[in-house]
Amino acid sequence: VRLLEHGNFDAIISDYQMPVMDGIQFLVEVRTHFGLIPFILFTGKGREEVVIQAINNGANFYLQKGGDPTAQFAELRQKILAAVEHRRADTQVTALNRLYTVLSATNRAIIRIHDKNELLKEICRIAVDDGGFTMVWAGIANPANHLIEPVAVHGPFEGYLDRIRIAMDDRPGNRGPTSTAFREGTPTVCNDIVTDERMKPVWEPARKRGFRALAAFPFALDTRNAGVITFYASEPGFFTDQIIRLLEEQSQDLSFAFTIFDHEEQRIAAAKDLKISELQYRRLFETAQDAILILDGSTGKVIDANKFILDMLGYPLEYFIGKHLWELGFL
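Following my numbering, the numbering of the sequence shown begins with 5 at its first residue and continues without gaps.
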C-alpha cells in the first residue's frame, strides 16, 4: 500500500494468505484508494468462496498455484498481459469518448460565452466534469511580470497552484511542461509526474491529489491574451497520440475564439476612439470663432454650419442645409 501511494504500477499479483490483511482485503484497499489497476489473485487457496469474493471485489483474474511451473507461469504471464492491455484499451476508449463530448461542449461554450475568463473557467469545468480529468487549469501570460498567471481552474487545486510559478521566458528552475509549451508553442507532455525531474518540486502535492500525468497546450499565441491550458490525469501514460491530437484540436478552437475576441475588442476600441474624436471635433466645430460650412464631398451641398456663421448672418441652419454655395447669395 505504501508503494502504491508513492509510485505507479501496471499490475498487481497478490497471494491470498498474508500478514496484516489477506488478498481480498488488499484487493478492496486497492479498489477503494487506487482505482482499477489490474489485479490478479495468485494463491494456493482453491475454495469457491475465495474465487467468488475475488471476482465480486474486482479482481481481473484468479489463478490457483500448483502443477507444472513452466505451464503455470506461462499462463500467469498471459493473464498479466491480457489484464494490462484490457485496462489500457478500456481507459483509452473511455477517454476518447469523453474527449469527443468535451470538444462538442467546448464549441457550444465558445458560441455562448463572450468573456475570455468565463470561457476558460467553463472549459476547465467541462474537461473535469465531462472529460474525466483530475484537474485542469488555464493561465494567461502577463508581460509585466513575465509569468503565466492562472485565471481559471477546476478540480482539487487548493494550494497546488500556489507552489508553482510559471515563467514565460526560459529561466533556470522554470522549465516544466507548462512553461515549455508556452515558449515553444507546442504541446508538452509529462506522462509520469513522480519520475519526471522537471516536476520534482510538486511530487508530493501532486501525489496527494492523484495527479499522475499532465499535458500542456498553448493557445492564442498571436493575440494579446496568449496562454496555456494544462490537463492532469490520474493514470501514468494517459496522454497517447490520439488524446493529444484531440486536446490540440480543442486548443486550436480556443485560439480561434480568442482571435475573434481580440478583433471584437479592437473594433470596440476603434469605435470608442472614433466617438471621442467626433466629440472633440463637434466641440471644436461648435465653439470655433470662425464661420464654418461643411459640404458633402460628392454633391457639393451644405450638410452643416456652425453656430458662429448662423449668429453672424442671422439665418437658421435649415436655410443652409442642402444648398450649393452659389445658391447662398450673401456669400
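For each residue, glycine too, the CB sits at the ideal point set by N, CA and C.
Between the Cα of residue i and those of the options, spot the shortest distance and give me the residue it belongs to.
| i | options | result |
| --- | --- | --- |
| Val-306 | Ala-295, Gly-326, Pro-205, Thr-192 | Gly-326 |
| Thr-234 | Ile-56, Arg-112, Val-140 | Val-140 |
| Ile-44 | Arg-51, Val-55, Glu-122, Thr-36 | Val-55 |
| Asp-119 | Leu-251, Phe-38, Thr-303, Phe-262 | Phe-262 |
| Pro-160 | Ile-280, Arg-211, Gly-333 | Arg-211 |
| His-400 | Thr-227, Ile-280, Glu-290, Gly-301 | With the chain running from 5 to 335 in the structure shown, residue 400 is simply not present. |
| Phe-38 | Leu-80, Leu-314, Pro-240 | Pro-240 |
For residue i, does the three-state DSSP call read helix, strand or coil?
| i | result |
| --- | --- |
| Ser-259 | helix |
| Val-5 | coil |
| His-158 | strand |
| Leu-288 | helix |
| Gln-293 | coil |
| Asn-146 | strand |
| Glu-153 | strand |
| Phe-77 | helix |
Hey, would you say residue i sits closer than 8 Å to residue j, going by beta carbons?
| i | j | result |
| --- | --- | --- |
| Phe-223 | Gly-231 | yes |
| Thr-138 | Phe-215 | yes |
| Tyr-164 | Arg-213 | yes |
| Asn-64 | Ile-28 | no |
| Ala-113 | Cys-128 | no |
| Ala-220 | Thr-199 | no |
| Val-155 | Leu-124 | yes |
| Val-206 | Ile-152 | no |
Output the distance between the C-alpha atoms of residue i and residue j, rounded to the nearest integer angstrom.
| i | j | result |
| --- | --- | --- |
| Leu-225 | Thr-190 | 10 Å |
| Ile-170 | Met-203 | 12 Å |
| Gln-256 | Lys-276 | 30 Å |
| Leu-317 | Gln-293 | 14 Å |
| Thr-4 | Ala-185 | In the structure displayed, the chain extends from 5 to 335; residue 4 sits before or after that span and is not available. |
| Ala-87 | Val-157 | 34 Å |
| Asp-94 | Leu-85 | 14 Å |
| Leu-31 | Ala-131 | 30 Å |
Drop a sphere of 10 angstroms on the beta-carbon of residue i, count the other beta-carbons inside from all chains shown, and report buried for 16 or more, exposed for fewer.
| i | result |
| --- | --- |
| Gly-135 | buried |
| Gln-246 | exposed |
| Leu-258 | buried |
| Phe-324 | buried |
| Tyr-20 | buried |
| Glu-126 | buried |
| Gly-180 | buried |
| Leu-283 | exposed |
| Ile-115 | exposed |
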